[in-house]
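Q:
Numbering (full-length UniProt numbering), first residue to last: 1 to 504.
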């Protein structure tokens, strides 16, 4: 046994043994940075124990990835999964979240906001693409690979495997093929053309990664673009539930032991599960919905998150967020990005403005400090109305349009209020999450889901997504005046009922 082999005690999974190369990756500064990025953004202000971080989640995801791939390898040796391929899956699980910014997903919301600040006429699609943490994970992994190249090569992982790991983290090629296959089923008129596109993508996939397309199932373990069932979610369901004190009834071990790689529609090899596990799978999606409803998108936690976005927005020019993200593909840009983590809040609080000479930046820092003080004293943004909305009209009447109308009607300002759109679902938007998962029986035959008893249970949800608009008041003077709050609430609900919810 190598002297670098380590065993650690994880709060969720118990004892985990770490292979030498995994230890080497963990000990890089790029990975250690994840210790200072909270898994659940600002939820610790509502759930005091929710202070776990991306570091432990990434190790847990890597561990589950290894369990899953080794079980498939054991059950189906005919798939010929190599030791190197299995190690790549494990490394992908470890490195999948390297690209997160301060306060995890919250930073992506901030990035969109600062994009519009610097590009007032910018398109929303461009704002969405301005910062994608998965893309940054790949950049950071490239840096780790370069610094540990000899260690990777000692394990037989050359440049081809480097590309394989990146694709396992973010399976863009598999995603393209799956989308075309779905299009093929829906549109028979362009069959020949679509089939040709699919074959070209498969060839390109094999040439780029040096792996057979028959091993497409490997790309469903860490980041499953087909049906969203992957070890990343399994770890955060278990870990978040543990720290939040919320019951998690999904048993990932049952899923692993009940899985089998099959090719149900002669397209791509995929992970299928035994028919008797249907209820357990639904429990997984119910767990997701429960965590979103009771924690991630709880109105109070959403308000705290919005406060933190406003704090970081004030610090945009101070920490040069926009400039850093604009140049993230360069060495200096990535260097600056890797300096960013949750500690910027402490830096701002601890008299940071003494070292800043520019008066405008000092004002920005002071506004941020005032908001931090307000957060610490629980003077939070307050939700005064929550409206379930008709999804058919939500694109036409988005939150910005509603906010503009509300300001026009009431005379309040942009800084007085905010409207948050909250969507709670089972992981596949408005669709049944089981649509893209196949089941097999004890004879290893694919079964029609409609014939599985639990699939047609009367306890099964009729709707898989709920959308809400939440009106928050930010201005402390309005919060202390019940007449002003009531006027805002009534105007907001009237606008929703007349323009968004005419079909409800």
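Each residue gets a CB set at the ideal place from its N, CA and C atoms; glycine is no exception.
It should be emphasised that the depicted structure is a prediction, and the values quoted were computed from it without experimental measurement.
1) When you compare each of 38, 90, 492, 215 to residue 78 by their alpha carbons, which one comes out closest?
2) I'd like to know whether the C-beta atoms of residue 270 and residue 220 end up nearer to each other than 8 Å.
3) Using only CA atoms, which one of 88, 97, 42 lies nearest to residue 56?
4) In the DSSP assignment, find the beta strand (DSSP E) that holds residue 14 and state where it starts and stops.
5) With hydrogens ignored, establish whether the beta-carbon of residue 311 is closer than 7 Å to any heavy atom of the ligand ADP.
6) Counting Cβ pairs, one atom from each stretch, are 3 or more of them under 8 Å apart for the region 246-264 and the region 59-71?
7) Does the region 379-386 touch the region 360-368, meaning 3 or more C-beta pairs lie closer than 8 Å?
8) Does the beta-carbon of residue 504 have 16 or more other beta-carbons within 10 angstroms, so that it is buried, or is it exposed?
9) If we call anything under 8 Å between Cβ atoms a contact, is residue 518 one with residue 447?
10) Output needed for residue 548: all residues of its chain with C-beta closer than 6 Å, excluding positions within five of it in sequence on either side, in chain order.
11) Rounded to whole angstroms, what's the CA-CA distance from residue 320 to residue 305? Just pull it up for me.
12) The beta strand (DSSP E) with residue 467 in it runs from where to where?
13) Measure the CB-CB distance between residue 37 and residue 341 and report whether it falls below 8 Å.
14) Can you tell me which of 172, 95, 120 puts its alpha carbon nearest to the alpha carbon of residue 225?
15) Need the endpoints of the alpha helix (DSSP H) that residue 95 sits in, please.
16) What's the C-alpha gap between residue 206 and residue 213?
17) Look up residue 477 in the DSSP assignment and say whether it is helix, strand or coil.
18) Looking at the strands, I want to know which residues DSSP matches up with residue 308.
19) Would you check if there are 3 or more beta carbon pairs closer than 8 Å linking the region 276-283 to the region 323-342?
20) Can you tell me whether residue 343 is buried or exposed? The criterion is at least 16 other CB atoms within 10 Å of its CB, across all chains shown.
21) In whole angstroms, give me the CA-to-CA distance for residue 370 and residue 307.
22) If you reduce the DSSP assignment to three classes, tell me which class residue 137 lands in.
23) May I ask you to report which of helix, strand or coil DSSP gives residue 388?
24) Can you tell me which of the three DSSP states residue 2 falls into?
25) If contact is defined by three or more beta carbon pairs under 8 Å, each pair taking one atom from either stretch, is the region 138-152 in contact with the region 18-26?
26) Can you tell me the Cα-Cα spacing of residue 50 and residue 103, whole angstroms?
27) Would you tell me roughly how many angstroms separate the C-alpha atoms of residue 400 and residue 420, rounded to the nearest one?
28) Return the first residue and the last residue of the alpha helix (DSSP H) that residue 54 is part of.
29) Would you mind sorting residue 158 into buried or exposed? The rule is 16 or more other CB atoms within 10 Å of its CB.
30) Less than 8 Å between the beta carbons of residue 114 and residue 296, yes or no?
31) Output the distance between the C-alpha atoms of residue 402 and residue 13, rounded to the nearest integer angstrom.
32) Tell me which same chain residues have a C-beta within less than 6 Å of the C-beta of residue 6, skipping the five on either side of it?
33) By alpha-carbon positions, which one of 450, 261, 482, 292 ends up nearest to residue 465?
34) Skipping 5 residues on each side, what residues in its chain have a beta carbon closer than 8 Å to that of residue 439?
35) Would residue 325 and residue 111 be called neighbours here (beta carbons separated by less than 8 Å)?
36) Would you call the CB atoms of residue 46 and residue 301 closer than 8 Å?
A: Quick look at the numbers:
1) For the set 38, 90, 492, 215, the Cα lying nearest the Cα of residue 78 is the one of 215.
2) Yes, they are a contact pair.
3) It is 97.
4) DSSP places residue 14 in the uninterrupted beta strand (DSSP E) bounded by 14-18.
5) Although the ligand ADP was asked about, the structure shown includes no ligands whatsoever.
6) Here the region 246-264 makes contact with the region 59-71; the two share three or more CB pairs at distances below 8 Å.
7) Result no; under three Cβ-Cβ pairs closer than 8 Å.
8) Confidence at residue 504 is low in this model, with a pLDDT of 43, below 50, so the placement of that residue is unreliable and no value is reported for it.
9) Past the edges of the chain, shown from 1 to 504, lies residue 518, and the structure says nothing about it.
10) Since the first residue shown for the chain is 1 and the last is 504, residue 548 is missing from the structure and cannot be characterised.
11) Distance between the alpha carbons of residue 320 and residue 305: 21 Å.
12) From DSSP, the beta strand (DSSP E) with residue 467 extends over 465-473.
13) The answer is yes: Cβ separation under 8 Å.
14) Nearest C-alpha to residue 225 among 172, 95, 120: 172.
15) Here the alpha helix (DSSP H) through residue 95 covers 83-95.
16) Note on geometry: alpha-carbon atoms of residue 206 and residue 213 lie some 6 Å from one another.
17) When DSSP states are grouped into helix, strand and coil, residue 477 belongs to the helix group.
18) DSSP lists no partner for residue 308.
19) No, the region 276-283 is not in contact with the region 323-342.
20) The C-beta of residue 343 has fewer than 16 other C-beta atoms within 10 Å across all chains shown, which makes the residue exposed.
21) Approximately 11 Å between the Cα atoms of the pair.
22) Helix, per DSSP.
23) For residue 388, the three-state secondary structure derived from DSSP is strand.
24) Low confidence applies to residue 2: its pLDDT is 45, below 50, so where it sits in the model is not reliable enough to give any reading.
25) Counting C-beta pairs closer than 8 Å gives three or more between the region 18-26 and the region 138-152, which meets the contact rule.
26) Whole-angstrom Cα-Cα distance: 12 Å.
27) About 9 Å.
28) Counting along the chain, the alpha helix (DSSP H) containing residue 54 begins and ends at 54-75.
29) Under this definition residue 158 is an exposed residue.
30) Residue 114 is not a Cβ neighbour of residue 296, given a cutoff of 8 Å.
31) Across the structure, residue 402 and residue 13 are spaced so that their CA atoms are roughly 46 Å apart.
32) Counting only Cβ-Cβ distances below 6 Å, and skipping sequence neighbours, we find 18, 23.
33) Nearest C-alpha to residue 465: 292.
34) Correct list, in chain order: 272, 273, 274, 275, 277, 278, 446, 447, 449, 452.
35) Cβ atoms of residue 325 and residue 111: closer than 8 Å.
36) Cβ distance < 8 Å, so residue 46 and residue 301 count as in contact.
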